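Chains W and R, in that order, give the protein sequences.
Counting from 1 along the first sequence, just add 549 to a position and that's the residue number in this note's numbering.
Counting from 1 along the second sequence, just add 549 to a position and that's the residue number in this note's numbering.
Number of protein chains: 2
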Amino acid sequence: MEMTKKRGNIPRKVRGFRDDDPGLTELKQKIITKASEVYKSYGFEHWDTPVLEYADCLGKYLPDEDTVDKGVYSFKSPELEPVLGTDGKDLKDEQGKTYMDNHYLSLRYDLTAPLARMYAEKLWMDFMRKQVVEGKAPMFKRFQYGPVFRYEVKIEPGRYRQFGQIDFDTVGAEDVMTDAESCMILSDALEACGVEPGNYVIKANNRKMLSGYLRALGVADQAQEMDIIRVIDKADKISMTELELELGPGRKEKSGANIKGLGLDQQWITGIMDLLGSFSEGSDRNTVLSDLDRQIGDNELAREGLAELHRMNEVFSKLGFDESRICFDPTLVRGLGYYTGPVFEAISLQTYKDAKGKKRRIGSICGGGRYDGLVENLLGMKVPATGASIGIDRLADVLISTGQDMAKAMGPVLIVMFDDNLMMEYQLIAQELRQSGIDTEIFYGARKQLKKQLSYADKKNCPVAVLIGEDELAKSVVTVRNLALGKELSATIADKQEWKQRVQKEVQRADLVSHIRSIMPDKA
Amino acid sequence: MEMTKKRGNIPRKVRGFRDDDPGLTELKQKIITKASEVYKSYGFEHWDTPVLEYADCLGKYLPDEDTVDKGVYSFKSPELEPVLGTDGKDLKDEQGKTYMDNHYLSLRYDLTAPLARMYAEKLWMDFMRKQVVEGKAPMFKRFQYGPVFRYEVKIEPGRYRQFGQIDFDTVGAEDVMTDAESCMILSDALEACGVEPGNYVIKANNRKMLSGYLRALGVADQAQEMDIIRVIDKADKISMTELELELGPGRKEKSGANIKGLGLDQQWITGIMDLLGSFSEGSDRNTVLSDLDRQIGDNELAREGLAELHRMNEVFSKLGFDESRICFDPTLVRGLGYYTGPVFEAISLQTYKDAKGKKRRIGSICGGGRYDGLVENLLGMKVPATGASIGIDRLADVLISTGQDMAKAMGPVLIVMFDDNLMMEYQLIAQELRQSGIDTEIFYGARKQLKKQLSYADKKNCPVAVLIGEDELAKSVVTVRNLALGKELSATIADKQEWKQRVQKEVQRADLVSHIRSIMPDKA
C-alpha cells in the first residue's frame, strides 16, 4: 500500500484497552487486597506466573473460539529454539541435527491454563521418572492475580481486551469439599470487597449431571456434548424458544444475522428442553435436589453429579451459607471447554442506569469449576483440579455503577507556590507534614496564578491548601484553607467573605501539623 | 521443515521468564506497598496503563538497541485499522478510501513511554485546538507499577525478560526541585523497603554538563553525542583504558569478541578522558561542585547543568539528605536515549556470594532522570518531565541475596484429615479459626498418611497442625502440634518422646482458638 500523505505518530491507546484513573486503581487494589486475604485464610499461597507463555502450553479453551488467531493474542517468538519431542528432549533429524523453530508465544487469556503449565512443569521430571502415579499427584493450592488478554473482535460495553483476574485453585484434590469451599470463598470474598449480601447470589451446578443425561439420551461424542453445552450456556441471554431453535435448525436474529443450529435429532432436543424446563428459579436447594432426583434418570455419571451436589449442600447448610448466598441452578453450565464437574458463578442482582439512562442488569461477576483434564494435556496423566476467578475490572465496575464505591481517591495537601525565594521553607513544611503521615505536595506547575493552583487542587481532590508568602513567613504564621469544607459550603453559602472566614484560617507555624490533622477528612 | 518424529506439548516457561513463589510474591508486594506509600506521600496519584501499546506510540529508547525487533516484543495486531495522518484523522487515498493496516503492537518495555503516551493523548484535543501552548502544559504527577518486557538475546544471571517496575513521574514541571525530589523519594522508598542507610547510595549528575562540554569540544551531532554517552555509561563495568579504546579504534574482549570503537578524533577523546578522570569517588558534594566548576569550561548549557546541581545540593542539605544518602557522580550518564538533564541512580553497596560461592557486586537498583523531549515526539510540543523507577524484581533479589529478607511466607494452620466421617467437624473448626483471623486449611490431598500430611505442612511452612479423630471428638478435645517450635527443637532434642511432649498438646475443644492464638509465631 502506497502512502500519499504522511502517516502520524498519534498518541492513542490500542482499541479495547483503557487507562485507569486513581479512583479505579485504588478500588481495584482494594479488591485485590480483600480477596487475597480471604483466599489466604483458606490456605492458598500467592504464586505468580509470567504474562507470556508458549501457545502450545496454554491450549485452546476460550468460549466460542476455535482458532489460534481468534480470542488469543499470539505471535512468533523472535528467538530460534529447539523443537521438543514428546519425551521433552530436542527433536533431531537423521543426521542428528536439532530441528529449530520460532515458537508461538501467547499473552495469557486466563490464569488457570498457566497454573496447569506451572504445576505440570514442576511435576514433569518426577512423572518421567515414574516417581508419581495417577491418583497420587501432590496437592497444590495457589492464588494469583494479574492482567489477562482476550482479542475480542466486537467489544461490548464494559468489556476490555485487557482485564484483571484474581484466582484461587486447588490442584491434586478430588474431594468435592474443595468445590464447596470454592463457592464459600467466592461468597466471603465478594462480601469482603463490599458486595452486600442480597446484592449477589452464587449459583452452583454439576456438569456431570448434564453429561450423564446426554449420554443416556445417546450423545456419545465429546465435541458434540461441548457444542450443546455452549448453546445451553446462553440460557441467561436468549429465550427458551431461541435456545431450542439453536439446538435444531438454527435461527435468525433481529439484526438479520443467521445463527447456525446444531441440527440435533428432535428426540434429543425434547430431552434437553425437558431437563432445562423442569426447574423454577428461586427454588431452595432441597427442592432443586428433589427435582433433579426425579429428572436426571439413572445414568451413573449423572447420579454421581447429583450425589456431589448433595454433599455440597450439606456443608453449605452446616456452615450457615443459606440460599441468600448460594443456590443451585441446573441450567448453569459455563462456556469454558475445560470444566468436568461442579461449576459455579456469582451473579450480581443489582441493576444500574447506563450513560443513556437505560436500566441494565450486570450479570456474572465471577465463576469457576472443576477441570480434571487440564493438566492431563501437558502431563499425559489425569490430575484433579478446581478453582474460581473474580474479574477485578468487572467487580470494580459493578461497585462503581451501583454506587457502592465512590471511585474517587483523596489527593495530598497542596503547598501553594507563591514565591520561589521561599522554596526551602516550602520544602521544610512538606517534609514535616510527610513525617507526620500527611501526604503533601508542592505546586511545581507552569501556571502559577492562585486560581490555577486551586483548580489543580480541586481536580486532584486535595483536602487542604497551605498558603505562605513573605508576610506570613515574617510573622511565623501560615494560612490554611480547608478545601474539602469549602467544596461542601459553596453549595449553601453565597457570601464570599463569610465563606472564606469559614474555610480559611491563619495558624501559628508551630501549630501547622496539629491544625491540619484536625481538619483532614477521614480516609474511606 | 519436515518433522519425522512427534512434536511434544512439553510444559515449560518461556526462556528468560520465571514463576514467583510465595516468599518472592510477598516480598514484591511489600516493596509495591511501601514504595507506593512513599510516592503517594509526595503527591503522586496511582494511574495504570495497559501492557500492550501501539509500537509507534512507544518510540525506541532502549540502551544498545536500535531496531524494532531487538529489545522489544512487537507483533502485528490481528485487527485491521485505519491509518492515521499527522493530523490524527484517517488517511485517505484519492478516491476517498481510508488506508487500512494491521498496526504493530508492543509489550511495553518500561512505564515511562506509556506515561508519555497517556499524557499526550489527554492533551491531544486541547493541543489541536491550540488551547494549550508550549511552556504552559498542565502538571501531572502519577505513580504506576506493573510488569515490563525486554527481549534480551543474552540473558545475564538475575535478569529476566519480564520484570516489575514501580515508577513515579512529574510531567509539566521544569523546576529542578522536582529532580531533587526524585532523589529524595528514591532514598525514602529504598529505606521504607528495608534497604538500610549505608547499604545504598544515590548518585546524581546532570547530562547538560556533559552535553555542553562535548559541544564546546566540537561534537555537534546529537546521534554522535548519544554514542559517546552509551560508551561513558559503561564506566562502572569496564576500565578507563578500555573506555578510551571504545571512544577511539575499538578493542578486543577476553572472549575474542571485537567491540567496535567510535573512531573519535584524538583531541575529543583526550577532552572526554580529562573530564572523566578529574573526580575521585567518595568526594563530598561541595568538592565535586568545585571540581566541576574548574573542569567543565564556560559553555552555557554546561553552566546551566552545574547551576541545577547546586540547587539540588541546597535542598538535599536543608532537608538532611547528606552524602551517606545522595552523592554527585560526574561519570554517571545512564544509557537510555531520552534523558536531557539531571540523571540519578541508586547503587547497592553490598556484595553477596552467588550459588558458586563467588563474591558479587549488585550495582544499580533503581534510577531515573529528566526527559524533556519524550512527550514532544507524540505531541509536537516540548513538555518538561522527570521521574524515576525502582526495579521490583531487582530490589527483591537484592534483599534476598544479602539476607535482608527471608523470602519465606508463613503458611496456614493445617487441619489433618484423619477420618472422612469427621469432615463437617473439620469444616466447623476451620470456619471458627478463620473467623478469629487465623488462616486455616483442611488437607484434601490424595496421600493421607500422617507423615505425608505433615511433610506437606512443612513444605508450606505451616506453624500449627490440628489433629482430631473419633476419640478426640468423643472427649471434646483436640490435639494441637506446634510445628514451628517442633522444627526449632528438632535440632537440640534427640529423644522423640520428649520432643513430642514439648510440641504437642491436648486442649479442650472450647479452648482451641485461644490456645492456637497463644502459640502462633509473629508475622514478620
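Cβ atoms here follow ideal geometry from the backbone N, Cα and C, with glycine treated the same way.
Predicted model only: the values in this text are computed from it and were never measured.
Return helix, strand or coil for residue 589 of chain R, following the three-state DSSP convention.
Here residue 589 of chain R is taken as the residue at index 40 of the second sequence, counted from 1. It is helical.
Using a 10 Å radius around the Cβ and a threshold of 16 neighbouring Cβ atoms, would you call residue 966 of chain W buried or exposed?
Reading the first sequence from its first residue, position 417 is the one you call residue 966 of chain W. Residue 966 of chain W is buried by the Cβ-count criterion.
Compare the C-beta of residue 973 of chain W with all C-beta atoms of chain R and state if any pair is closer than 9 angstroms.
Counting from one through the first sequence, the residue named residue 973 of chain W turns up at place 424. Judged by the 9 angstroms Cβ criterion, residue 973 of chain W is in contact with chain R.
Could you tell me whether the Cβ of residue 948 of chain R comes closer than 9 angstroms to any Cβ of chain W?
Indexing the second sequence from 1 puts residue 948 of chain R at position 399. Taking Cβ atoms only, chain W never reaches closer than 9 angstroms to residue 948 of chain R, which makes this a no.
Chain W beta carbons: is any one of them nearer than 9 angstroms to that of residue 915 of chain R?
The sequence position of residue 915 of chain R within the second sequence is 366, counting from 1. Not an interface residue.
Give the interface partners of residue 704 of chain R over in chain W, defined as CB-CB distance under 7 angstroms, in chain order.
Numbered from its first residue, the second sequence carries residue 704 of chain R at position 155. Those within 7 angstroms of residue 704 of chain R in chain W number zero; the least Cβ separation is about 10 angstroms.
Residue-chain proximity (residue 967 of chain W, chain R), Cβ-Cβ < 9 angstroms
Counting from one through the first sequence, the residue named residue 967 of chain W turns up at place 418. Cβ-Cβ to chain R under 9 angstroms: no for residue 967 of chain W.
I want to verify the contact list: residues of chain A whose CB lies under 9 angstroms from the CB of residue 566 of chain R, in sequence order.
Looking for chain A here will not work: the only protein chains present are W and R.
Over the uninterrupted beta strand (DSSP E) stretch that includes residue 836 of chain W, give me the two end residues.
The residue given as residue 836 of chain W occupies position 287 in the first sequence. Here residue 836 of chain W belongs to no beta strand (DSSP E); instead the alpha helix (DSSP H) covers 834-844.
Given 8 angstroms, three or more beta-carbon pairs between the stretch 911-919 of chain W and the stretch 629-644 of chain W
no
Mind reading off the beta-carbon distance from residue 1159 of chain R to residue 882 of chain R? Whole number of angstroms is fine, and I expect it under 8 angstroms.
The structure shown does not extend to residue 1159 of chain R, since chain R is modelled only from 550 to 1073, so the question has no answer here.
From R:824, R:787, R:628 and R:748, residue whose alpha carbon lies closest to that of residue 765 of chain R
Residue mapping note: residue 765 of chain R aligns to position 216 of the second sequence, counting from 1. Residue R:824 is the option with its Cα nearest to residue 765 of chain R.
Any idea what DSSP makes of residue 631 of chain W, helix, strand or coil?
Counted from its first residue, the first sequence places residue 631 of chain W at position 82. In this structure, residue 631 of chain W counts as strand in the three-state DSSP scheme.
Quick check: what's the CA-CA separation for residue 923 of chain W versus residue 689 of chain W?
As a position in the first sequence, residue 923 of chain W is number 374, starting the count at 1. As a position in the first sequence, residue 689 of chain W is number 140, starting the count at 1. If I take the Cα positions, the gap works out to 15 angstroms.
Residues of chain R with CB closer than 8 angstroms to the CB of residue 724 of chain W, please, in chain order.
Position 175 of the first sequence holds residue 724 of chain W. Those within 8 angstroms of residue 724 of chain W in chain R are 993.
With a threshold of 8 angstroms, are at least 3 pairs of Cβ atoms found where one atom belongs to the stretch 570-583 of chain R and the other to the stretch 647-661 of chain W?
no
Return no unless some Cβ of chain R is closer than 9 angstroms to the Cβ of residue 618 of chain W.
Within the first sequence, numbered from 1, the residue matching residue 618 of chain W stands at position 69. Confidence is the limiting factor: at residue 618 of chain W the pLDDT is only 48, short of 50, which leaves the residue's position unreliable and the question unanswerable from this model.
Residue ranges of each beta strand (DSSP E) run of no fewer than 3 residues wholly in the stretch 1030-1063 of chain W, ordered along the chain?
1053-1057
Going by the CB atoms, is the gap between residue 995 of chain W and residue 929 of chain R shorter than 9 angstroms?
The count along the second sequence starts at 1 and reaches residue 929 of chain R at position 380. The count along the first sequence starts at 1 and reaches residue 995 of chain W at position 446. Taking 9 angstroms as the Cβ cut-off, residue 929 of chain R and residue 995 of chain W do not qualify as a contacting pair.
Given a cut-off of 9 angstroms, decide if residue 980 of chain R and residue 726 of chain W are closer than it, judged by their beta-carbon atoms.
Here residue 726 of chain W corresponds to residue number 177 of the first sequence, with the count starting at 1. Here residue 980 of chain R corresponds to residue number 431 of the second sequence, with the count starting at 1. In this structure, residue 980 of chain R does not lie closer than 9 angstroms to residue 726 of chain W by Cβ.
Chain W contact residues for residue 637 of chain R, given Cβ-Cβ distances below 7 angstroms
On the second sequence, residue 637 of chain R is found 88 positions in, with the first residue counted as 1. Correct list: 557 and 559.
Within the 9 angstroms Cβ cut-off, does residue 987 of chain W reach chain R?
For the purposes of this step, residue 987 of chain W is identified with residue 438 of the first sequence, where counting begins at 1. Yes, its Cβ sits closer than 9 angstroms to a Cβ of chain R.
Starting from the beta carbon of residue 856 of chain W, find every residue of chain R whose beta carbon is closer than 9 angstroms, and list them in chain order.
Taking the first sequence and counting its residues from 1, one reaches residue 856 of chain W at position 307. The contacting residues do not exist; residue 856 of chain W stays about 14 angstroms from chain R at best.
Note down, in chain order, every chain W residue with its Cβ under 8 angstroms from the Cβ of residue 926 of chain R.
Taking the first residue of the second sequence as position 1, residue 926 of chain R is located at position 377. Simply 558.
Bridge-paired residues (DSSP) for residue 649 of chain R
The residue you call residue 649 of chain R lines up with position 100 of the second sequence. Paired residue(s): R:631.
Buried or exposed for residue 959 of chain R, please, with buried defined as at least 16 other CB atoms from any protein chain shown within 10 angstroms of its CB.
As a working note, residue 959 of chain R is residue 410 in the second sequence. Buried, by the Cβ-count rule.
Along chain R, which residues have their Cβ under 7 angstroms away from the Cβ of residue 980 of chain W?
Translated into positions along the first sequence, residue 980 of chain W becomes position 431. Going along chain R in sequence order, the residues near residue 980 of chain W (Cβ under 7 angstroms) are 868.
Below 8 angstroms on the Cβ atoms is my contact criterion, and I expect residue 750 of chain R with residue 898 of chain R to pass it. Report the Cβ-Cβ distance as a whole number of Å.
Stepping through the second sequence from its first residue, residue 750 of chain R is reached at position 201. Stepping through the second sequence from its first residue, residue 898 of chain R is reached at position 349. About 6 angstroms; that satisfies the 8 angstroms criterion.
Output yes or no for whether 9 angstroms exceeds the beta carbon distance between residue 591 of chain R and residue 723 of chain R.
Against the second sequence, residue 591 of chain R aligns to sequence position 42. Against the second sequence, residue 723 of chain R aligns to sequence position 174. Taking 9 angstroms as the Cβ cut-off, residue 591 of chain R and residue 723 of chain R do not qualify as a contacting pair.
Between the alpha carbons of residue 978 of chain W and residue 1060 of chain W, how many angstroms are there, rounded?
Here residue 978 of chain W refers to the residue found at position 429 when the first sequence is read from its first residue. Here residue 1060 of chain W refers to the residue found at position 511 when the first sequence is read from its first residue. Residue 978 of chain W and residue 1060 of chain W: Cα-Cα distance of roughly 12 angstroms.
Please report the Cβ distance between residue 608 of chain W and residue 807 of chain W, rounded to the nearest whole angstrom; I am assuming they are in contact, meaning their Cβ atoms lie under 8 angstroms.
Stepping through the first sequence from its first residue, residue 608 of chain W is reached at position 59. Stepping through the first sequence from its first residue, residue 807 of chain W is reached at position 258. Actually they do not touch by this definition, with Cβ atoms about 30 angstroms apart.
In whole angstroms, what is the alpha-carbon distance linking residue 905 of chain W and residue 602 of chain R?
Sequence index remark: in the first sequence, residue 905 of chain W carries index 356 (1-based). Sequence index remark: in the second sequence, residue 602 of chain R carries index 53 (1-based). Roughly 30 angstroms between the two C-alpha positions.
Can you tell which of R:748, R:699 and R:1041 has its C-alpha closest to the C-alpha of residue 872 of chain R?
Counted from its first residue, the second sequence places residue 872 of chain R at position 323. Of the candidates R:748, R:699 and R:1041, the one whose C-alpha sits nearest the C-alpha of residue 872 of chain R is R:748.
Would you say residue 594 of chain R faces chain W, with C-beta separation under 9 angstroms as the test?
What you label residue 594 of chain R is simply residue 45 of the second sequence in a count that begins at 1. Closer than 9 angstroms to some Cβ of chain W, the Cβ of residue 594 of chain R qualifies, so yes.
Just list the residues that DSSP pairs residue 602 of chain R with in beta bridges.
Within the second sequence, the letter at position 53 stands for residue 602 of chain R. According to DSSP, which records beta bridges pairwise, residue 602 of chain R is partnered with R:655.
Name the DSSP bridge partner or partners of residue 901 of chain W?
Here residue 901 of chain W corresponds to residue number 352 of the first sequence, with the count starting at 1. Answer by DSSP bridge pairing, in chain order: W:909.
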